[in-house]
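Okay, structure first, notes after.
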Amino acid sequence: MEQYKLAVEMADRVSQRRNLANTFFLTLHTLLIGTASFIFEKGPRTSNLWLNVFPFIALLLLCYVWWRLLRSYRQLNSAKWKVIGEFECKLPSSPYWAAEWKLLGEGRNPALYRPLTDLENWVPIIFGCLYVIGAIAVFFS
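Just so we're aligned, residue 0 is where the sequence shown starts under numbering that gives the first Met the number 0, counting upward by one.
Structure below.
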């Protein structure tokens, strides 16, 4: 029973770390967008191509790191919840594995349940697309 409690607690901690990572990256990107907007509006201009391209590449790399981190957390948590499910098979009841997760169609039916990770994986991709559109607008203006 103690191993089960520890497994549930560790899965919850992974979710908390994922949320903290999302908060960090959202804050960072919001700050970077604000800074870039200010510099574009009020800051100095440069004709050096690399000074214009480097920040754009850095932003796209940040989006990729964020996306990979989310994917890693998803894989780690999936494994942890499978272990919890195995523990529950040996317990008198199975509130998560046999009840809740089965009722939600194991996350396969979006009409019943859409896992948060399905949605949150799109956030860094959307930021990356916005950066590409912004860069195109800036470079060709």
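The beta-carbon is built from N, C-alpha and C at its ideal position, and this holds for glycine as well. Note that the coordinates shown come from a computational prediction; the quantities given were computed from them, not determined experimentally.
>> With H, G and I counted as helix, E and B as strand and the rest as coil, what does DSSP make of Tyr95?
In response: Taking the sequence shown and counting its residues from 1, one reaches residue 95 at position 96. Correct three-state label for Tyr95: helix.
>> Can you find the residues in the same chain that come closer than 7 Å, C-beta to C-beta, to Ala136, ignoring five residues on each side of it along the sequence?
In response: Reading the sequence shown from its first residue, position 137 is the one you call residue 136. For Ala136, where only same-chain residues beyond five positions count, there are no Cβ hits under 7 Å.
> So, are the CB atoms of Val13 and Leu75 less than 8 Å apart?
Replying inline: Stepping through the sequence shown from its first residue, residue 13 is reached at position 14. Stepping through the sequence shown from its first residue, residue 75 is reached at position 76. Yes, they are a contact pair.
> Can you tell me whether DSSP reads Asn76 as helix, strand or coil?
Replying inline: Here residue 76 refers to the residue found at position 77 of the sequence shown. Helix, per DSSP.
>> Taking the straight line between their C-alpha atoms, what separation do you get for Leu59 and Pro114?
In response: Working through the sequence shown from its first residue, we reach residue 59 at position 60. Working through the sequence shown from its first residue, we reach residue 114 at position 115. Each residue's Cα considered, the two are about 25 Å apart.
> For Trp66 versus Pro109, is the C-beta distance shorter than 8 Å?
Replying inline: The residue given as residue 66 occupies position 67 in the sequence shown. The residue given as residue 109 occupies position 110 in the sequence shown. For Trp66 and Pro109, no; Cβs fall outside 8 Å.
>> Given a cut-off of 8 Å on the beta-carbon distance, is the pair Ser93 and Glu85 in contact?
In response: Counted from its first residue, the sequence shown places residue 93 at position 94. Counted from its first residue, the sequence shown places residue 85 at position 86. Cβ atoms of Ser93 and Glu85: not closer than 8 Å.
>> Under DSSP, the alpha helix (DSSP H) around Gly127 begins and ends at which residues?
In response: Locating residue 127 in the sequence shown gives position 128, counting from the first residue. Its alpha helix (DSSP H) spans residues 121-138.
>> Tell me which residues share the same chain as Gly104 and place their Cβ nearer than 7 Å to its Cβ, disregarding the 5 neighbours each side in the sequence.
In response: The residue labelled residue 104 in the question sits at position 105 within the sequence shown. Leu111, Tyr112.
> Excluding five sequence neighbours on each side, which residues of the same chain lie with their C-beta closer than 8 Å to the C-beta of Ala6?
Replying inline: Indexing the sequence shown from 1 puts residue 6 at position 7. Hits under 8 Å: Lys79, Val82, Ile83, Phe86.
> If we count the other Cβ atoms within 10 Å of its Cβ and call it buried at 16 or more, is Leu118 buried or exposed?
Replying inline: Here the question's residue 118 lines up with position 119 in the sequence shown. Exposed: under 16 other Cβ atoms inside 10 Å.
> Would you say Glu8 touches the ligand PLP, meaning its beta carbon is less than 7 Å from a heavy atom?
Replying inline: Among the components modelled here there is no ligand, and therefore nothing to report on the ligand PLP.
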